[in-house]
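Take a look at the structure below.
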Amino acid sequence: MKKGKSLVLTAAALAMAAIGVLTGCGAGGGLPTVTVWSWRSQDANLWKQVQQGLNAKGEKVNIQFRPINSTNYDAVLQTAMDGGQGPDVFYARAGTETLDYAAADMIKPLDSIVSLSSINSASLHSGVQWNGKTYGVPFAIQTMEVFYNKDIFKQYGLSVPKTWPEFIHVCQVLKGKGVTPIYTMGLQGWMLALNFDEVGATMLGDTFTQQLVNKQVNYSDQPFVDALGKYQSLAPYFEPNFQAVGSAGNEQETQFALGKSAMVMDGIFDVPTIQKFNPNINMGAFLIPPATSSQSEKIDWYLDGDICLNSKIANPAEKKAAEELIAFTATKQFGQDFTDIAGEISPIAGVQVPAKYPLSVQAYHWYQTAPINPLFGIRSPMDTQPPTPINKLSKSGVANTNGIFTAEQKVLVPLLTSKITPKEAADEIQQTVSWYFKK
Numbered sequence: 001m002k003k004g005k006s007l008v009l010t011a012a013a014l015a016m017a018a019i020g021v022l023t024g025c026g027a028g029g030g031l032p033t034v035t036v037w038s039w040r041s042q043d044a045n046l047w048k049q050v051q052q053g054l055n056a057k058g059e060k061v062n063i064q065f066r067p068i069n070s071t072n073y074d075a076v077l078q079t080a081m082d083g084g085q086g087p088d089v090f091y092a093r094a095g096t097e098t099l100d101y102a103a104a105d106m107i108k109p110l111d112s113i114v115s116l117s118s119i120n121s122a123s124l125h126s127g128v129q130w131n132g133k134t135y136g137v138p139f140a141i142q143t144m145e146v147f148y149n150k151d152i153f154k155q156y157g158l159s160v161p162k163t164w165p166e167f168i169h170v171c172q173v174l175k176g177k178g179v180t181p182i183y184t185m186g187l188q189g190w191m192l193a194l195n196f197d198e199v200g201a202t203m204l205g206d207t208f209t210q211q212l213v214n215k216q217v218n219y220s221d222q223p224f225v226d227a228l229g230k231y232q233s234l235a236p237y238f239e240p241n242f243q244a245v246g247s248a249g250n251e252q253e254t255q256f257a258l259g260k261s262a263m264v265m266d267g268i269f270d271v272p273t274i275q276k277f278n279p280n281i282n283m284g285a286f287l288i289p290p291a292t293s294s295q296s297e298k299i300d301w302y303l304d305g306d307i308c309l310n311s312k313i314a315n316p317a318e319k320k321a322a323e324e325l326i327a328f329t330a331t332k333q334f335g336q337d338f339t340d341i342a343g344e345i346s347p348i349a350g351v352q353v354p355a356k357y358p359l360s361v362q363a364y365h366w367y368q369t370a371p372i373n374p375l376f377g378i379r380s381p382m383d384t385q386p387p388t389p390i391n392k393l394s395k396s397g398v399a400n401t402n403g404i405f406t407a408e409q410k411v412l413v414p415l416l417t418s419k420i421t422p423k424e425a426a427d428e429i430q431q432t433v434s435w436y437f438k439k
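Each residue of the sequence shown is one higher than the last, beginning at 1 in our numbering.
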């Protein structure tokens, strides 16, 4: 009980500390100040560049960027928003979090403020729209690939697998040589779910995922069971006792970077972490290869987050500046600035990934040519329930416990350790998301 109270007090203290940074801050030379909160500390230089660009165009504004630790961000933001002390503009997790604030009338619909015509339509349908209105500007597309150590592959005469049997053969050769084929973090359920979605993208394909969205099939059907079975068959090639790995949250990136495994199934967002631990690593990437001739390689992707506008800005000058700022986040210039600095994929049309990020260039090509569409896991329609009453300013919100991404996380360790079968895992997932198929 004491521990619970301590956690509550800690969250409240963090929120007040974050709010305190903003309290009493002037507008900087008479300019309107727009506060921007994010869990991405790496975007500090982006917002400096945005301010310089806007000021150079005569749109005078002082941007006060506030990065908050990712683990605490959601709680700090919600406490501030509930107390009427939230930022003017903030990053939100696409899906549940964005729709939660939209349903609670805490953020403004952007359709009359922002030009959305240049934004990838699939990302707009990926958790930023509610009741026919758009509440967030998508800013980053994340993709999932298999990263491999080119030097280890060369040492053992291995090439990039083009079929599932070839992939298993690569794993068998590496294991036979005493090399861990794939490093995996069993304690990080969210990463396991993304890894499975990576396998599922190729195994399921667009036709089946469209049927899922249309409710013509469900997660208990054989193609999904087979995809779970394929993922389960990789377990012998993970590091021993993988289910106990992941307490630090980045073990698979560090161990792969240090040559402790030949491959890692991961997101393009973790490439900087890998390169931080080994700047000289010679790494490449490939997609999960198909198991049958009717399948083709697909890249799993999802909308990482979006940028929202507080609906309760009292100061007219700050409100106008905040609206101008969020309108700018939907422009090609902002998208290009984001990609140039972060090396990540923007959902805005015409943005090019610089050659200095070769793995992102490759991921962007796959995203353009072989994306799973529609999505079937995270950020899919099956991942966010319709609004239900929750305790947030006595308004309606969105339940977040019964989406497909959560459902996957519950079953994957039991599946990978053979405590349940693929069929049992599929049936449990289907039961968890049965609300979607009853609509």
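Idealized CB from N, CA, C, for every residue including glycine.
Pairwise C-alpha distance: Y135 and L325: Counted from its first residue, the sequence shown places residue 325 at position 325. Counted from its first residue, the sequence shown places residue 135 at position 135. Cα to Cα, L325 sits roughly 15 Å from Y135.
As assigned by DSSP and simplified to three states, the class of S261: Reading the sequence shown from its first residue, position 261 is the one you call residue 261. If DSSP states are grouped into helix, strand and coil, S261 belongs with the strands.
Contact under 8 Å by Cβ, S123 with L303: Along the sequence shown, read from residue 1 onward, the residue named residue 123 stands at position 123. Along the sequence shown, read from residue 1 onward, the residue named residue 303 stands at position 303. Yes, Cβ-Cβ distance for S123 and L303 is below 8 Å.
Selection from K410, A322 and D111 that minimises the alpha carbon distance to K133: Counting from one through the sequence shown, the residue named residue 133 turns up at place 133. For K133, the nearest C-alpha among the options comes from D111.
Sufficient close CB pairs (3 or more, under 8 Å) joining the segment 341–358 to the segment 172–184: no
Per-residue DSSP class, three states only, for D340: For the purposes of this step, residue 340 is taken as residue 340 along the sequence shown, with counting starting at 1. Three-state DSSP puts D340 in a helix.
Rounded distance between the beta-carbons of K298 and G229, thought under 8 Å: As a working mapping, residue 229 is identified with position 229 in the sequence shown. As a working mapping, residue 298 is identified with position 298 in the sequence shown. Between K298 and G229 the Cβ distance is about 18 Å, and since that is not below 8 Å, they are no contact.
Which of helix, strand or coil DSSP assigns to V21: Within the sequence shown, the letter at position 21 stands for residue 21. With a pLDDT of only 40 at V21, under 50, the local geometry of the prediction cannot be trusted, and the value read off the model is given with reservation. Three-state DSSP puts V21 in a helix.
Which of helix, strand or coil DSSP assigns to F139: For the purposes of this step, residue 139 is taken as the residue at position 139 of the sequence shown. Strand, per DSSP.
Residues that DSSP places opposite G267 in a beta bridge: What you label residue 267 is simply residue 267 of the sequence shown in a count that begins at 1. Answer is M144, bridged to G267.
8 Å Cβ cutoff met for D88 and I307: Here residue 88 corresponds to residue number 88 of the sequence shown, with the count starting at 1. Here residue 307 corresponds to residue number 307 of the sequence shown, with the count starting at 1. Against a cut-off of 8 Å, the Cβ pair of I307 and D88 comes out as no contact.
Supposed contact pair Q51 and I63 - C-beta distance, whole angstroms, cut 8 Å: Walking along the sequence shown from the start, residue 63 turns up at place 63. Walking along the sequence shown from the start, residue 51 turns up at place 51. Right, their Cβ atoms sit about 4 Å apart.
Where A370 falls: helix, strand or coil (DSSP): Position 370 of the sequence shown, counted from the start, is the residue given in the question as residue 370. Residue state, collapsed to three classes: coil.
Inter-stretch contact (C-beta, 8 Å, three-pair minimum) for the segment 272–279 and the segment 219–234: no
DSSP three-state assignment for Q64, whether helix, strand or coil: For the purposes of this step, residue 64 is taken as the residue at position 64 of the sequence shown. The answer is strand: DSSP assigns Q64 an E or B state.
Minimum C-alpha distance to I68 - residue among L194, G343 and W39: Here residue 68 refers to the residue found at position 68 of the sequence shown. That would be W39, whose Cα lies nearest to the Cα of I68.
Per-residue DSSP class, three states only, for T35: Looking up residue 35 in the sequence shown gives position 35. T35 falls in the strand class under three-state DSSP.
Coarse secondary structure for A407, derived from DSSP in three states: Within the sequence shown, the letter at position 407 stands for residue 407. Three-state DSSP puts A407 in a helix.
Rounded C-alpha distance that separates Y156 from M263: Walking along the sequence shown from the start, residue 156 turns up at place 156. Walking along the sequence shown from the start, residue 263 turns up at place 263. If I take the Cα positions, the gap works out to 14 Å.
Close Cβ partners of N402 (< 8 Å) along its chain, the five nearest in sequence each way excluded: Your numbering for residue 402 matches position 402 in the sequence shown. Around N402: Q385, T432, V433 and W435.
Touching by the beta-carbon criterion (3+ pairs, under 8 Å), the segment 92–106 and the segment 317–335: no
Whole-angstrom distance between K162 and W190, CA atom to CA atom: By 1-based counting over the sequence shown, the position of residue 190 is 190. By 1-based counting over the sequence shown, the position of residue 162 is 162. In a straight line, the C-alpha of W190 is about 27 Å away from that of K162.
With 16 other Cβ atoms within 10 Å as the buried cut-off, status of E59: Position 59 of the sequence shown holds residue 59. Label assigned to E59: exposed.
8 Å contact criterion, which F256 and E344 should meet: CB distance rounded: What you label residue 256 is simply residue 256 of the sequence shown in a count that begins at 1. What you label residue 344 is simply residue 344 of the sequence shown in a count that begins at 1. Contact flag wrong, Cβ pair sits at about 19 Å.
Contiguous alpha helix (DSSP H) assignments of at least 4 residues, all confined to the segment 272–345: 316–328 and 332–342
Start-end ranges of the beta strand (DSSP E) lying completely within the segment 43–94, minimum 3 residues: 62–67 and 89–93
Sub-8 Å separation of E408 and I288 beta-carbons: Along the sequence shown, read from residue 1 onward, the residue named residue 408 stands at position 408. Along the sequence shown, read from residue 1 onward, the residue named residue 288 stands at position 288. No, the pair does not count as a contact, with Cβ atoms beyond the cut-off.
Of the listed residues F405, V245 and W301, nearest to E145 (C-alpha basis): Taking the sequence shown and counting its residues from 1, one reaches residue 145 at position 145. Of the candidates F405, V245 and W301, the one whose C-alpha sits nearest the C-alpha of E145 is W301.
Alpha-carbon to alpha-carbon, G186 and A244: The residue labelled residue 244 in the question sits at position 244 within the sequence shown. The residue labelled residue 186 in the question sits at position 186 within the sequence shown. Their Cα atoms are separated by approximately 6 Å.
CA-to-CA distance, S70 to F334, given in whole angstroms: Counted from its first residue, the sequence shown places residue 334 at position 334. Counted from its first residue, the sequence shown places residue 70 at position 70. One C-alpha to the other measures close to 23 Å.
Continuous alpha helix (DSSP H) stretch holding I182: start and end: Counting from 1 along the sequence shown, the entry for residue 182 is found at position 182. Segment T180 to Y183 is the beta strand (DSSP E) holding I182; no alpha helix (DSSP H) there.
Per DSSP, cross-strand counterpart(s) of Q129: Here residue 129 is taken as the residue at index 129 of the sequence shown, counted from 1. Q129 pairs with T134.
Buried or exposed (CB count within 10 angstroms, at least 16 for buried), D151: Taking the first residue of the sequence shown as position 1, residue 151 is located at position 151. D151 is exposed by the Cβ-count criterion.
Other residues of its chain near T339: CB distance less than 6 Å, five sequence neighbours each side excluded: Start at 1 with the first residue of the sequence shown, and residue 339 comes out as number 339. These residues qualify, in order along the chain: S346, V351 and V353.
N149, DSSP secondary structure in three states: Within the sequence shown, the letter at position 149 stands for residue 149. If DSSP states are grouped into helix, strand and coil, N149 belongs with the strands.
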